[in-house]
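Data first, discussion second: the structure below is written as structure tokens.
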Amino acid sequence: MSHTGVDVIDFLFYTIYPVMGIFAVELASRLFRAPKWIKLWTQAVVSFGFGAYYWFVLPAPQNFPLTALVLFALGIALVYQGKRAKISPEKSPY
Numbered sequence: 044m045s046h047t048g049v050d051v052i053d054f055l056f057y058t059i060y061p062v063m064g065i066f067a068v069e070l071a072s073r074l075f076r077a078p079k080w081i082k083l084w085t086q087a088v089v090s091f092g093f094g095a096y097y098w099f100v101l102p103a104p105q106n107f108p109l110t111a112l113v114l115f116a117l118g119i120a121l122v123y124q125g126k127r128a129k130i131s132p133e134k135s136p137y
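Letter by letter, the sequence shown follows residues 44 to 137 of the numbering used here.
Below, the structure written as structure tokens:
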């Protein structure tokens, strides 16, 4: 992608990595039968981590600030849902 300085394959990988991280947390929480709120908060940490990496660690022409903002928003939503799941687990469908 000439406007970001990132190859198309690398861009696809940058898109897939956060999804793989969130799915890995989902798989681990099902294997270990973790409470819903722990799973959601761990997914939020993964989302915040990728957001910080995409915005602050990648070099300037190759960073993704908009993607990072979306990941931060997802992290905030996951923290909120985790809080709801901790307060009343029966009302949380996740």
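All C-beta atoms in this analysis are idealised placements derived from N, C-alpha and C, irrespective of residue type, glycine included.
Keep in mind that this is a model prediction, so the values were computed, not measured.
Candidates the options: closest to residue i by CA position
i, options, result
"Gly125", "Phe99, Ala95, Ala87", "Ala87"
"Thr85", "Tyr97, Trp98, Val100, Ala71", "Ala71"
"Phe56", "Glu133, Phe107, Ala77", "Phe107"
Beta-carbon separation (whole angstroms), residue i vs residue j, contact threshold 8 Å
i, j, result
"Lys79", "Val68", "About 12 Å separates the two Cβ atoms, so there is no contact after all."
"Tyr97", "Ala120", "Going by Cβ atoms, the distance from Tyr97 to Ala120 rounds to 17 Å, so no, they are not a contact pair."
"Pro61", "Leu101", "Not a contact, Cβ separation roughly 13 Å."
Alpha-carbon spacing of residue i relative to residue j, whole angstroms
i, j, result
"Met44", "Lys129", "Residue confidence for Met44 is low, a pLDDT of 48 falling below 50, so the modelled location carries little weight; the figure read from the coordinates is stated next. C-alpha separation (whole angstroms): 43 Å."
"Ser90", "Leu117", "7 Å"
"Met63", "Phe93", "11 Å"
"Asp50", "Ile65", "24 Å"
"Gln105", "Arg127", "36 Å"
"Ser135", "Arg73", "16 Å"
"Ala77", "Val122", "16 Å"
"Thr58", "Phe75", "27 Å"
"Leu109", "Ala95", "12 Å"
"Phe54", "Ala103", "15 Å"
"Ser131", "Phe99", "36 Å"
is_contact[residue i, chain B] using C-beta, thresh 8 Å
i, result
"Phe107", "Note that chain B does not occur in the displayed structure, where there is just one protein chain."
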